[in-house]
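Participant: Residue numbers (the working numbering), protein chains in the order written: chain H, 2 to 111; chain P, 24 to 934.
Okay, here's the thing in structure tokens:
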């Protein structure tokens with residue numbers, strides 16, 4: 002078992018939204034893979050949290066799902082951003098940066 | 024809003040949604056090349072929870088499942104719900120009574136600003152017989168007093184508390200308008216003759232001062248209420264009637280106004296009707312009518328009361344309430360008025376003896392009205408509340424035990440659920456739902472049980488008394504307490520087993536279906552349930568001891584030798600004076616009736632006396648015999664044939680007979696105690712005694728055996744029975760008749776009524792009952808206590824036995840294997856029975872060892888309820904112990920027998 006780094010709480014939505022903004026419509030596995038690659042294998046997304054998060058985002062209307070053919074010739078749900086999702090992403094990034102800056106200040110004034 | 028509709032859509036296309044999720048996850052698994060996909064069920068549950076309103080949905084599921092479980096375990100459910108229902112029901116019923124007696128305020132405006140005025144002085148000697156010898160007669164400014172409501176009582180600790188004042192003191196308080204916004208007075212009329220359109224009845228009313236209704240802030244239901252000008256000497260004779268009286272006698276409040284009623288033969292005009300909920304200021308009474316206080320001058324109440332009474336500073340007779348001005352505290356009122364009253368009362372004292380013990384003013388809360396009822400019932404009710412509280416404790420321990428046993432049995436089910444991906448909280452919630460549902464079922468049944476219990480209790484408390492006015496009902500207060508109780512018990516006994524059963528290690532619990540020797544865990548379980556069973560046994564013992572004490576008290580009281588025959592005796596009372604008869608003709612009227620009653624076929628003999636025997640009322644005066652003053656005597660004026668009718672044996676001489684007429688020599692019969700005390704071994708016949716009060720010389724014509732007079736609980740006292748009609752003991756007004764009958768005395772009531780009606784329709788019969796019922800009423804509290812405590816103790820014991828039975832059965836079931844092996848190795852069936860019973864014994868003994876000291880320590884608190892025994896009565900305690908052990912053995916025998924029936928071959932093949 003390799004060491005996995007938990008993704009910071011509350012950032013999963015932001016990561017998914019950002020991924021969809023960058024790569025366009027993508028299925029769940031693709032989203033997880035993308036985050037893993039970009040983060041250089043540091044961020045591992047478990048299915049157990051990915052799919053519930055996607056469901057929640059569907060309910061909130063940040064993403065919409067569409068069934069399409071995937072690379073292995075099977076049907077898969079492709080998620081894409083809605084305008085509401087874009088707005089949410091901007092808000093989440095702003096919030097995250099604010100918090101990060103604050104945390105950085107705290108650890109640097111050692 | 025959008026989210027709402029998306030969620031709603033889910034309900035219609037649930038199957039598709041779930042299929043899509045599953046497909047998506049399969050796709051993921053296929054791409055990642057990892058077939059194992061964590062907890063799929065939990066994932067599904069989670070996503071379903073997101074899409075729906077999970078709380079309500081799961082609640083629905085839980086309820087459905089809980090109902091199904093309950094239906095599958097009917098015995099368990101019935102036992103659990105029933106024991107809870109009994110516990111909750113008994114608590115609710117008793118609490119309802121407490122609520123109506125101890126806690127409820129008068130139904131008037133702002134009851135919290137009402138205060139009641141009392142005085143307190145040195146404690147008085149309780150009874151003359153206790154004051155042996157030539158005791159210094161305590162002198163008091165209360166030269167005479169009169170009280171009908173029980174507001175005056177003696178307390179050895181706080182002193183003599185009096186609720187009555189002289190009228191001039193009332194006028195003094197009326198001037199304190201910086202403290203009181205209004206002051207009003209009242210006192211009970213006692214039973215008066217009340218006649219409407221020729222139909223006579225005996226009814227109780229209340230004399231009230233002009234500000235009574237205004238002071239209480241009570242509006243009329245019809246007409247107007249008594250006001251200032253009505254309460255003056257010489258004012259028109261007016262009356263206010265109670266709402267229920269207006270309905271009973273006039274067919275409605277609207278019809279009552281302007282009607283004429285005769286009270287003691289004096290016409291009064293009804294001016295209005297009091298509101299339906301109003302019962303006066305005494306929760307123990309429900310006056311039928313209210314008269315202005317000064318109307319008592321119209322009723323010719325005899326020498327005690329006259330216009331002079333209103334001026335007499337040493338005659339204590341009226342009760343006073345007042346309303347505090349806003350912002351004035353009770354302490355402030357007390358501090359301001361006590362010195363003023365002291366000053367006034369000092370001016371009424373005539374000598375140093377009176378000045379030495381002046382009554383002190385005490386201002387009490389008035390919101391609850393007069394407190395005689397509270398004093399009488401508060402201690403018994405607290406004892407009963409404790410007992411039902413104990414029942415509830417036993418019931419809860421039982422439920423906890425049953426659930427605990429079941430939780431262990433359901434460990435496998437829990438393990439399956441957890442392994443299938445159920446969240447721990449979800450399982451706990453499910454179990455909690457079950458127990459709360461069970462508690463609600465118990466609570467609902469409990470309310471039914473309580474409603475029934477309240478009715479039974481009311482009947483028990485009234486015990487045939489007319490005008491019993493204490494009506495407890497299930498009000499929202501009581502209901503709230505019950506519901507809180509049932510939910511609390513549900514959560515309490517649901518939570519512990521729920522948490523425990525979800526702490527299962529999934530794997531071993533799954534593997535070990537049943538033989539699982541989780542030694543440590545099951546040891547813990549057994550010991551917890553043993554703790555519960557032991558405490559149930561200890562509590563049961565407490566209740567059994569209490570029941571034993573009260574049953575024995577009752578039987579001691581019932582064994583009290585009355586000295587007369589209580590069976591087949593009819594009692595009733597007549598008052599000819601109140602119906603308008605005058606002195607000269609009253610004796611003739613009564614003696615005429617006596618002859619006519621004796622002539623009723625089936626009546627063996629008839630007699631009369633001033634008061635009935637064992638009715639609580641007694642008369643007395645100072646008697647001198649041979650120039651020496653006798654101590655603690657009672658006097659009972661009786662008619663001819665009294666001793667024959669009551670079957671009190673005559674030891675010497677003759678009884679009072681027909682020939683003892685007004686004008687002939689005044690005669691008396693004395694009882695043995697009196698004869699011994701006054702004359703020693705000399706023959707008292709022909710000796711003379713003197714009554715000091717009425718100053719009459721009386722000849723003794725007979726000596727009777729000593730018989731009970733007023734009370735059952737106190738010692739017999741020396742009694743002088745004098746002829747009632749020779750004027751030796753003041754004018755006669757009310758008398759009690761006693762008829763010795765063949766068969767049920769109540770069968771003769773109609774003939775009696777007819778005879779009285781023919782003689783004078785204005786004279787009503789009152790207090791019609793049998794002598795046996797009269798005696799029962801004297802020990803009513805003890806009867807109720809004995810019955811209730813026995814019932815409660817049996818209930819508690821039954822519930823505890825169910826607990827014991829359940830625990831033992833569970834133990835036996837768990838040890839099936841072990842017992843099978845023992846038997847295969849040659850253990851005898853009897854030995855197996857003993858093995859199980861020994862465990863029962865150990866539990867019972869530990870329970871007894873804990874319960875006995877507690878019972879001994881707490882039984883002191885009920886000492887005042889006991890008669891003829893000590894609180895550590897060995898009989899009551901040994902019976903309690905014997906009953907408990909017997910019950911434990913019976914409860915344990917069935918599981919023991921089942922253990923002995925285990926077939927070793929089956930038991931060993933079992934796993």
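Beta carbons: idealized from backbone N, C-alpha and C, even for Gly.
How far does the beta strand (DSSP E) with residue 216(P) in it extend, from its first residue to its last?
Facilitator: From DSSP, the beta strand (DSSP E) with residue 216(P) extends over 203–219.
Participant: Check whether the Cβ of residue 19(H) lies closer than 9 Å to any Cβ atom in chain P.
Facilitator: Put simply, the CB of residue 19(H) is far from chain P, with every gap to its CB atoms at 9 Å or more.
Participant: Measuring only between beta-carbons, confirm whether residue 33(H) sits less than 9 Å from chain P.
Facilitator: Closer than 9 Å: yes.
Participant: With a threshold of 9 Å between beta carbons, is residue 51(P) in contact with chain H?
Facilitator: yes
Participant: Which whole-angstrom value is the C-beta distance of residue 509(P) and residue 830(P), which I expect to be below 8 Å?
Facilitator: About 24 Å separates the two Cβ atoms, so there is no contact after all.
Participant: Could you spell out where the alpha helix (DSSP H) holding residue 19(H) opens and where it closes?
Facilitator: 13–24
Participant: Determine the closest residue to residue 132(P) out of 228(P), 392(P) and 381(P), with distance taken between C-alpha atoms.
Facilitator: Closest by C-alpha distance to residue 132(P), out of 228(P), 392(P) and 381(P), is 392(P).
Participant: Going by C-alpha distance, which of 585(P), 850(P) and 64(P) is nearest residue 441(P)?
Facilitator: That would be 64(P), whose Cα lies nearest to the Cα of residue 441(P).
Participant: Ordered along the chain, which non-local residues of its own chain (more than five positions away) have a Cβ less than 8 Å from that of residue 150(P)?
Facilitator: Note that residue 150(P) scores 44 on pLDDT, short of 50, meaning its location in the model is unreliable and no value can be drawn from it.
Participant: Under a CB-based cut-off of 9 Å, is residue 60(H) close to chain P?
Facilitator: yes
Participant: Give the interface partners of residue 73(H) over in chain P, defined as CB-CB distance under 7 Å, in chain order.
Facilitator: 53 and 54
Participant: I need the straight-line Cα distance from residue 845(P) to residue 910(P), nearest angstrom please.
Facilitator: So the two alpha carbons sit approximately 28 Å from each other.
Participant: How would you label residue 395(P), buried or exposed, when you count the other beta carbons within 10 angstroms and need 16 or more for buried?
Facilitator: Buried: at least 16 other Cβ atoms inside 10 Å.
Participant: How long is the line joining the alpha carbons of residue 430(P) and residue 462(P), rounded to whole angstroms?
Facilitator: 17 Å
Participant: So which residues on chain H does residue 440(P) lean against when the C-beta distance must stay under 7 Å?
Facilitator: Per Cβ cutoff of 7 Å: no residues; residue 440(P) is ~19 Å from chain H at best.
Participant: Can you tell me the Cα-Cα spacing of residue 557(P) and residue 466(P), whole angstroms?
Facilitator: 26 Å
Participant: Which partner residues does residue 333(P) have in the DSSP bridge list?
Facilitator: Answer is none; residue 333(P) lacks a bridge partner.
Participant: Take residue 734(P) as the anchor and find which of 586(P), 793(P) and 145(P) has the nearest alpha-carbon.
Facilitator: Closest option to residue 734(P), Cα to Cα, is 586(P).
Participant: So, are the CB atoms of residue 573(P) and residue 300(P) less than 9 Å apart?
Facilitator: no
Participant: According to the neighbour-count rule (16 or more other Cβ atoms, all chains shown, within 10 Å of its Cβ), is residue 74(P) buried or exposed?
Facilitator: buried
Participant: Does DSSP classify residue 122(P) as helix, strand or coil?
Facilitator: Correct three-state label for residue 122(P): helix.
Participant: Examine chain H for any beta-carbon lying closer than 9 Å to the beta-carbon of residue 542(P), and answer yes or no.
Facilitator: Here residue 542(P) scores only 42 on pLDDT, less than 50, and its place in the model should not be relied on; the value that follows carries that caveat. Judged by the 9 Å Cβ criterion, residue 542(P) is not in contact with chain H.
Participant: Pick helix, strand or coil for residue 753(P), following the three-state DSSP scheme.
Facilitator: strand
Participant: Where are the beta strand (DSSP E) runs, 3 residues long or more, that stay fully inside the stretch 853–900 of chain P, in chain order?
Facilitator: none
Participant: Using a Cβ-Cβ distance cut-off of 9 Å, determine whether residue 48(H) contacts chain P.
Facilitator: yes
Participant: Where residue 478(P) and residue 781(P) are concerned, what is the direct C-alpha to C-alpha distance, given to the nearest angstrom?
Facilitator: 38 Å
Participant: Report, in whole angstroms, the separation of the C-beta atoms of residue 689(P) and residue 724(P), which I expect to be a contact under 8 Å.
Facilitator: 10 Å between Cβ atoms; not a contact.
Participant: Which residues does DSSP pair with residue 50(P) in a beta bridge?
Facilitator: The partner list for residue 50(P) (beta bridge, DSSP) is empty, contrary to what the question assumes.
Participant: What's the call for residue 107(H), buried or exposed, on a 16-neighbour Cβ count within 10 Å?
Facilitator: exposed
Participant: Which of the three DSSP states is assigned to residue 197(P) in this structure?
Facilitator: helix
Participant: Assuming residue 16(P) is part of the alpha helix (DSSP H), what are its boundary residues?
Facilitator: Outside the shown range of chain P, which is 24 to 934, sits residue 16(P), and nothing can be said about it.
Participant: For the beta strand (DSSP E) holding residue 76(H), just list the boundary residues, first then last.
Facilitator: Residues 76–82.
Participant: Can you check whether the CB of residue 32(H) is closer than 9 Å to the CB of residue 59(H)?
Facilitator: no
Participant: Quick check on residue 31(P): buried or exposed, where buried means 16 or more other Cβ atoms within 10 Å of its Cβ?
Facilitator: exposed
Participant: Can you pull out the residues from the stretch 24–42 of chain P whose beta carbon lies closer than 8 Å to at least one beta carbon of chain H?
Facilitator: 25, 26, 29 and 30
Participant: Would you mind reading off the limits of the alpha helix (DSSP H) that contains residue 365(P)?
Facilitator: Counting along the chain, residue 365(P) sits inside the alpha helix (DSSP H) bounded by residues 353–371.
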